[in-house]
Amino acid sequence: MAFLCQRDSYAREFVTTVVSCQPAELQTDGSNGKKEALSGFHVVLEDTLLFPEGGGQPDDRGTINDISVLRVTRRGAQADHFIQTPLAPGSQVQVQVDWERRFDHMQQHSGQHLITAVADSLFGLKTTSWELGRLRSVIELDSPSVTAEQVATIEQSVNEKIRDRLPVSVQELSLDDPEVEKVRGRGLPDDHAGPIRVVTIEGVDSNMCCGTHVNNLSDLQVIKILGTEKGKKNKTNLIFLAGNRVLKWMERSHGTEKALTTLLKCGAEDHVEAVKKLQNSSKLLQKNNLNLLRDLAVHIAHCLRNSPDWGGVVVLHRVAEVLEGKGAGKKGRFQGKATKMSRRAEVQVLLQDYVSTQSAEE
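See below:
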């Protein structure tokens with residue numbers, strides 16, 4: 026039997042019963058970059074509204090009796106909910122899902138199914154894997170390259186199907202059902218239990234899948250393909266956004282555009298040319314500055330050498346340890362940078378003593 030989250034991806038809360046509650050640990054990324062173990066409990070429910078990680082889709086977040094669920098993982102036909110407060114087996118609990126996260130995952134996952142089907146139908150580009158990322162999603166295509174024209178055609182086609190409001194349905198098939206052979210899929214996990222779940226976009230695609238999906242492509246709103254990048258082993262990664270992620274991406278881009286308009290004092294259509302001019306100007310200034318610094322260094326060196334105070338040592342550069350700096354010596358010379366100049370006089374004495382000693386030895 027599928028979980029409630031799979032039977033009705035739009036459900037946001039329900040009441041169920043606790044089956045078991047066992048001590049457990051959750052490995053998390055700590056603030057120092059090292060793994061940290063959180064102590065808590067794995068709770069199994071009679072049914073669950075929270076999707077356990079699987080099929081390229083991350084797990085849901087939510088609450089059980091207002092207790093935050095930090096991770097949901099599948100174990101055979103069960104789902105383990107990690108929480109940090111124990112719950113009594115047999116007790117009834119209310120489960121709520123983080124709807125914003127759930128709906129985002131539904132949009133991205135259904136968007137992936139649609140792009141995968143269209144890319145295969147139009148150009149024979151097979152999907153070998155995909156990743157639903159925090160900010161963007163990536164489909165790995167079994168091709169060493171995908172042209173910009175192909176990307177544009179795929180994007181146009183998927184958005185046409187969204188505007189056509191094609192329904193998306195879910196059905197369960199037994200393992201021995203002959204219809205299973207007609208369904209696209211990349212195989213079942215080793216610990217698969219129960220019937221096979223098939224997600225169908227009407228007239229476009231049927232695919233084995235355990236994830237949560239929209240029930241009509243209109244809920245995807247829009248899909249934007251951001252481009253492609255080289256994948257591993259002659260694969261190409263296609264990067265896309267679906268639904269609300271497109272709106273957020275546009276909001277961020279518009280904010281950046283407004284800021285650049287203010288800084289560059291020109292319209293958005295002139296931003297690129299304005300930046301190119303600034304880059305060329307910066308390169309010229311850097312070149313001129315380097316030439317000036319070289320001329321200044323030669324001038325200072327001549328002035329110091331001809332100074333009436335010349336005695337073998339002239340203090341201009343800093344000495345490393347005493348001045349808390351960094352540098353290196355080579356062929357009787359030392360060059361470096363310092364962060365503390367209060368001990369400059371001490372450094373001068375040290376250098377003068379060194380020169381005097383060298384002169385006496387000669």
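When you number the sequence shown by the numbering used here, it's gap-free, plus one each residue, and the end is 387.
Note that beta-carbon positions come from the ideal geometry of N, C-alpha and C, so glycine has one too.
Inter-residue Cα distance where the pair is residue i and residue j
i	j	result
Arg-343	Leu-310	Per-residue confidence for Arg-343 stands at a pLDDT of 43, beneath the threshold of 50, marking its modelled position as unreliable; the derived number appears in the next sentence. Distance between the alpha carbons of Arg-343 and Leu-310 is about 27 Å.
Met-275	Gly-256	26 Å
Ala-173	Val-143	15 Å
Gly-350	Gln-373	15 Å
Arg-369	Leu-348	7 Å
Gln-121	Gly-87	5 Å
Glu-228	Ser-170	According to the sequence as given, residue 228 is Gly; it is not Glu. One C-alpha to the other measures close to 28 Å.
Thr-141	His-279	29 Å
Leu-198	Ser-116	33 Å
Tyr-35	Gln-133	15 Å
Cys-30	Pro-48	25 Å
Leu-266	Asn-313	45 Å
Arg-32	Glu-282	43 Å
Gly-80	Arg-222	12 Å
Leu-51	Phe-107	7 Å
Lys-260	Asn-232	22 Å
Gln-137	Glu-38	26 Å
Leu-289	Leu-321	33 Å
Val-44	Arg-270	37 Å
Lys-273	Lys-249	12 Å
Residue of the options minimising C-alpha distance to residue i
i	options	result
Leu-75	Asn-57, Phe-265, Leu-150 and Thr-41	Thr-41
Arg-277	Leu-160, Ala-36 and Gly-361	Leu-160
Lys-258	Leu-166, Leu-303, Glu-185 and Gly-228	Leu-166
His-67	Thr-225, Ile-92, Gly-252 and Ser-56	Ile-92
Thr-53	Ala-62, Cys-46 and Ser-45	Ala-62
Leu-95	Gln-103, Ser-64 and Ser-199	Ser-64
Gln-82	Arg-127, Gln-119 and Val-183	Arg-127
Ala-102	Glu-156, Asp-72 and Ser-231	Asp-72
His-130	Gly-236, Leu-315, Phe-265 and Gly-352	Gly-236
His-238	Gly-292, Ile-248, Val-247 and Ile-226	Ile-226
Phe-28	Lys-308, Ile-179 and Arg-100	Arg-100
Leu-157	Ser-135, Gln-196 and Lys-151	Ser-135
Ile-187	Asn-241, Trp-155 and Asp-84	Asn-241
Ser-162	Lys-59, Leu-321, Ile-264 and Ala-293	Ile-264
Asp-230	Leu-139, Val-43 and Asn-269	Leu-139
First and last residue of the uninterrupted beta strand (DSSP E) at residue i
i	result
Met-233	230 to 233
His-67	60 to 70
His-238	Careful: His-238 lies outside any beta strand (DSSP E) and carries neither H nor E.
Ser-34	No beta strand (DSSP E) contains Ser-34, which DSSP labels as neither H nor E.
Asn-314	Per DSSP, Asn-314 belongs to no beta strand (DSSP E); it is in the alpha helix (DSSP H), 296 to 330.
Arg-95	Note on residue identity: the sequence assigns Leu, not Arg, to residue 95. That residue, Leu-95, is in no beta strand (DSSP E); it is neither H nor E in DSSP.
Ser-18	Any answer about residue 18 is impossible in this case: the structure gives the chain only from 26 up to 387.
Phe-39	38 to 54
Phe-76	Careful: Phe-76 lies outside any beta strand (DSSP E) and carries neither H nor E.
Arg-9	Residue 9 lies beyond the stretch modelled for the chain, which goes from 26 to 387, so this question has no answer here.
Ala-104	103 to 108
Gly-87	87 to 89
Check: residue i C-beta below 6 Å from any heavy atom of the ligand SAM
i	result
Val-193	Within the structure as shown, the ligand SAM is missing, as the structure has no ligands at all.
Continuous alpha helix (DSSP H) assignments of at least 4 residues falling wholly in the stretch 119 to 188 = 124 to 148 and 173 to 188
query = Are three or more beta carbon pairs between the stretch 131 to 150 and the stretch 108 to 121 nearer than 8 Å?
reply = no
task = Could you tell me which uninterrupted beta strand (DSSP E) segments, each at least 3 residues in length, are contained entirely in the stretch 242 to 292, listed from first to last along the chain?
result = 248 to 255 and 261 to 267
query = Given 8 Å as the limit, is there contact between the stretch 182 to 192 and the stretch 303 to 322, that is, 3 or more CB pairs closer than that?
reply = no
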